[in-house]
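Residues in the sequence shown are numbered from 1 upward in steps of one, following the UniProt record's numbering.
Idealized CB from N, CA, C, for every residue including glycine.
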Amino acid sequence: MIRFSDVVCGGEKGQFRANAESVGWQGASGATKVQPAAHIRRAEWFEGSLRLLCEDNGATEVLALEGFRDADFDPLWKYLEQTCGVYLKKHKPKAALEEADFDSAMQGIEDAADRVDETVSGSVQKKAKEADLMKKVECVRDGLDQAVSGDKQALSRVFAAGGCERIGRLRLVVDTVQLEVYHTDPRWQHLLSKCATIEAVLKELGTFRQWKPAEGHSESLLRRAMVRELRHRQGEDDEVPPVAETIPSSGHADRGYVAEARVDVPLPSPVPMPAAEEPLPEGEVERVDSEEDVANVFHEEAEPKQVPFKDEEVSDPNSVRADALDQSGGRPLRYTHPNSILEGWVWKRSRILKRWRRRWVVLCPGELMSFKNRGLREPTEVVPAGTVLRVYSADGEVQQARCFCVVVRERNYYMVCDDESQKRAWIQEIEKTLYKR
Numbered sequence: 001m002i003r004f005s006d007v008v009c010g011g012e013k014g015q016f017r018a019n020a021e022s023v024g025w026q027g028a029s030g031a032t033k034v035q036p037a038a039h040i041r042r043a044e045w046f047e048g049s050l051r052l053l054c055e056d057n058g059a060t061e062v063l064a065l066e067g068f069r070d071a072d073f074d075p076l077w078k079y080l081e082q083t084c085g086v087y088l089k090k091h092k093p094k095a096a097l098e099e100a101d102f103d104s105a106m107q108g109i110e111d112a113a114d115r116v117d118e119t120v121s122g123s124v125q126k127k128a129k130e131a132d133l134m135k136k137v138e139c140v141r142d143g144l145d146q147a148v149s150g151d152k153q154a155l156s157r158v159f160a161a162g163g164c165e166r167i168g169r170l171r172l173v174v175d176t177v178q179l180e181v182y183h184t185d186p187r188w189q190h191l192l193s194k195c196a197t198i199e200a201v202l203k204e205l206g207t208f209r210q211w212k213p214a215e216g217h218s219e220s221l222l223r224r225a226m227v228r229e230l231r232h233r234q235g236e237d238d239e240v241p242p243v244a245e246t247i248p249s250s251g252h253a254d255r256g257y258v259a260e261a262r263v264d265v266p267l268p269s270p271v272p273m274p275a276a277e278e279p280l281p282e283g284e285v286e287r288v289d290s291e292e293d294v295a296n297v298f299h300e301e302a303e304p305k306q307v308p309f310k311d312e313e314v315s316d317p318n319s320v321r322a323d324a325l326d327q328s329g330g331r332p333l334r335y336t337h338p339n340s341i342l343e344g345w346v347w348k349r350s351r352i353l354k355r356w357r358r359r360w361v362v363l364c365p366g367e368l369m370s371f372k373n374r375g376l377r378e379p380t381e382v383v384p385a386g387t388v389l390r391v392y393s394a395d396g397e398v399q400q401a402r403c404f405c406v407v408v409r410e411r412n413y414y415m416v417c418d419d420e421s422q423k424r425a426w427i428q429e430i431e432k433t434l435y436k437r
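In structure tokens, the structure reads:
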């Protein structure tokens, strides 16, 4: 049994108790709230407040309790998991980003970037101006961290305002400033990562718009817009992002990525049938499950030779696509397991060193497996069906966009996808296939 004193329910202090049969609260006046442990379906925690969703024959009731201490969380978490089979979700405090503070810091970055571009290339002054820009970047870094780790709707209110002007100005500056010394500085890379994360969140919410300065904005911003447009047209700037599209509500990704449900996906444009099919690499099985799959098989070109495998690690999985090893002109990749539901490349975080490593992940009806490369037979890790307690979006927890987390009793598995539709597909299918009932 666990018990805690001075717990508040309905404005009255009392004692909270829980055992193998039930959870309950009794106030000083004798008022009680009791629920069988088997009726608890969901539990959430926020700064000493506990909410328990209880269900009995279709009727639901929320038991709201306040006044717990921080040290009470762990015993409550263990009790709910072991006795009720319920994961206690812990909400983090939501950080607020002040628009005026960000605007002031952003103006400092714009001015410092202008001074960098006005300085003679290769000079000592150029290096000094770049160092000054890095100091300005530090000023905006904390605000961006708060925005990314806080509430997504609050982030959208700040950065979607004015046709996404705030994030658009930041993107314009980072795309066009001419850095020579500090372009690999961790502060600059951190800024690029946060900028991409904010754009990804806005796209997920459907509020992202491609922003361009209009007449009335500073000459510096107008000049930068012209420079970026010219580079983009001439193909000289590989870092210029394409015009972003709102993520469709259906969640279907480009057919070039294999981690998608096999239904409702348009067939590729017909191409001449190759003269001969190249045999499948060892360990792979060609799937033919429907008319659509048959069409895809016959319209495919021969599989290119596989790139020699390297167990690659990155510090920022948002800066490199996980499917970079299999870029093949948008053609669908073959699945490697005949009974798999989803397969695809992700960046997966290691348990001890917290390194992001490229992994080929396979979801089957009985398990989730990760492999160092496509076609290998021995998985690096296996999550059996019935052991998954929760699957959820975890962008804020690891400060990376397009991240989801698979929670089992022993640990959390964090994985980063190449786009939001892939992430949604993994979350939906893993929850449907492996979730502990």
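Between V177 and A113, the CB-CB gap stays under 7 Å. For the alpha helix (DSSP H) assignment, the uninterrupted runs of no fewer than 4 residues enclosed by the stretch 69-145 are, from N- to C-terminal side, 73-79, 99-118. Its chain contains D316, N318 as the residues whose beta carbon lies nearer than 6 Å to that of S193, once the 5 sequence neighbours on both sides are disregarded; these appear in chain order.
In this structure the stretch 101-112 lies against the stretch 131-142, because at least three pairs of beta carbons, one per stretch, are closer than 8 Å. Within its own chain, the residues whose Cβ lies closer than 8 Å to the Cβ of E21, once the five positions on either side in sequence are excluded, are P36, A37, listed in chain order. Counting the other Cβ atoms within 10 Å of the Cβ of L133 gives 16 or more, which makes it buried. Around the CB of S350, fewer than 16 other CB atoms lie within 10 Å, so the residue is classed as exposed.
C9 and C54 have their C-alpha atoms spaced approximately 16 Å apart. Between the stretch 79-92 and the stretch 383-397, the count of Cβ pairs shorter than 8 Å is three or higher; the stretches touch.
In the DSSP assignment, Q399 falls outside any beta strand (DSSP E), carrying neither H nor E. Judged by DSSP in its simplified three-state form, T60 adopts strand.
For S49, the beta-bridge partners assigned by DSSP are F46. Closest in C-alpha terms to L191, from the list T184, V7, R141, comes R141. Distance from the CA of L50 to the CA of V158, rounded to the nearest whole angstrom, comes to 30 Å.
In this structure, the CA atom of F4 is about 33 Å from the CA atom of Q146. Contact between the stretch 97-107 and the stretch 60-79 is not established, with fewer than three Cβ pairs separated by less than 8 Å. The alpha-carbon separation between I198 and E99 amounts to approximately 15 Å.
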